[in-house]
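S.K.:
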Amino acid sequence: MTLRINGVSLRIDRRLIVQDADLEVGPGEFVGLLGPNGCGKSTLLRSAYRALRPAAGLITVEGDDLVRLSPRESARRTAVVAQETPAELAFTVAEIVAMGRTPHKRPLDRTTEEDELICAQALERVGASHLAGREFATLSGGEKQRVLIARALAQQSRLLLLDEPTNHLDIRHQLEILRLVRDLGVSTLAALHDLNQAAEHCDRLYLMDGGRIVAGGTPEEVLTPERISQVYGVRAVPRTQ
Ligand code: ADP
Ligand code: MG
Ligand code: MG
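Each residue of the sequence shown is one higher than the one before, counting from 7 in the numbering used here.
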């Protein structure tokens with residue numbers, strides 16, 4: 007199992023934000039994490055890259071306890087794609103992707119030829135080779151997301167963690183990003199909002215509500231009309247039902 011979250015509780019400022027969560031991502035699986043705003047998705051994702059140490063429970067990446075790994079080793083195993091930060095806007099695309107080669111350190115001082123090859127391949131995999139020379143700040147939302155995914159690929163870790171990768175994208179670009187992630191074949195856990203899109207693209211889903219994982223399984227198992235109306239308080243039936 008690439009990622010195993012077992013009985014994990016997470017506190018921020020003493021407040022219990024995630025309670026007794028169990029979640030797994032297998033090799034090559036694309037797993038969606040769903041739930042209303044504020045239910046704890048981002049917090050749970052943060053714990054899977056060591057940004058937040060569990061108050062209880064265990065998180066393993068490829069069988070090893072995440073909190074016992076060195077920063078360098080945990081960066082080799084998990085790569086995070088969060089929303090863009092203002093700091094990133096000052097760099098070119100090539101520089102952003104190159105940061106993936108030194109994830110545990112400041113932006114690199116020097117790249118090897120191997121680093122450059124890995125970065126070029128990462129950009130190619132997301133269909134963004136043509137953007138290499140551009141200022142990151144000048145990219146469209148969809149292009150930015152591709153470049154951030156390329157940086158994560160350049161890191162060559164076994165697990166991708168994506169926090170709302172389709173945020174602020176129009177519907178066509180949302181679907182492009184989801185297809186891209188699915189077709190990468192890299193173990194991925196992604197916080198997503200659109201139930202239909204998640205059902206269509208993900209291998210398995212987890213649904214969170216109020217800090218707890220209330221269901222996990224195939225899209226059909228998780229997204230029942232009863233559960234959707236319970237969790238979201240609206241009647242919404244995914245197209246796949
Ligand atoms: P989601 O990603 O599902 O929208 P979050 O994990 O961002 O939910 O937030 C879950 C809860 O934790 C919310 O009530 C939020 O206000 C709280 N929270 C998240 N991060 C912090 C923080 N840094 N400080 C205080 N509270 C936080
Ligand atoms: Mg449990
Ligand atoms: Mg969030």
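Heads up, the beta-carbon is just placed ideally off N, CA and C, and yes, glycines get one too. Computed from a prediction, not measured in an experiment: that's the story for all the values here.
#1: Which class does residue 117 belong to by DSSP, given the choice of helix, strand or coil?
#2: Expressed to the nearest angstrom, what Euclidean distance is found between the alpha-carbon atoms of residue 235 and residue 135?
#3: Run through the DSSP bridge pairs and tell me what residue 64 is partnered with.
#4: For residue 95, which of 144, 82, 40 has the nearest alpha-carbon?
#5: Check whether the Cβ of residue 150 sits closer than 6 Å to any heavy atom of ligand 3, and report yes or no.
#6: Please identify the residue among 12, 123, 237, 168 whose C-alpha is closest to the C-alpha of residue 69.
#7: Tell me which residue opens and which closes the beta strand (DSSP E) that residue 25 is part of.
#8: Please report the distance separating the alpha-carbon of residue 127 from that of residue 23.
#9: Pairs of beta-carbons, one from the segment 52-66 and one from the segment 90-104, closer than 8 Å: are there three or more?
#10: I want to check one thing, is the minimum distance from the CB of residue 49 to the heavy atoms of ligand 1 below 6 Å?
M.R.: Here's the rundown:
#1: When secondary structure is reduced to three states using DSSP, residue 117 falls in the coil class, being assigned neither helix nor strand.
#2: Straight through space, the alpha carbons of residue 135 and residue 235 are spaced by roughly 43 Å.
#3: Residue 64 pairs with 12.
#4: Considering only alpha carbons, the answer is 144.
#5: Residue 150 has its Cβ no nearer than 6 Å to any heavy atom of ligand 3.
#6: If you compare the alpha carbons of 12, 123, 237, 168 with that of residue 69, the shortest gap goes to 12.
#7: First-last of the beta strand (DSSP E) with residue 25: 21-31.
#8: Cα-Cα distance, rounded: 38 Å.
#9: The segment 52-66 is not in contact with the segment 90-104.
#10: Because some heavy atom of ligand 1 lies under 6 Å away, the Cβ of residue 49 counts as near it: yes.
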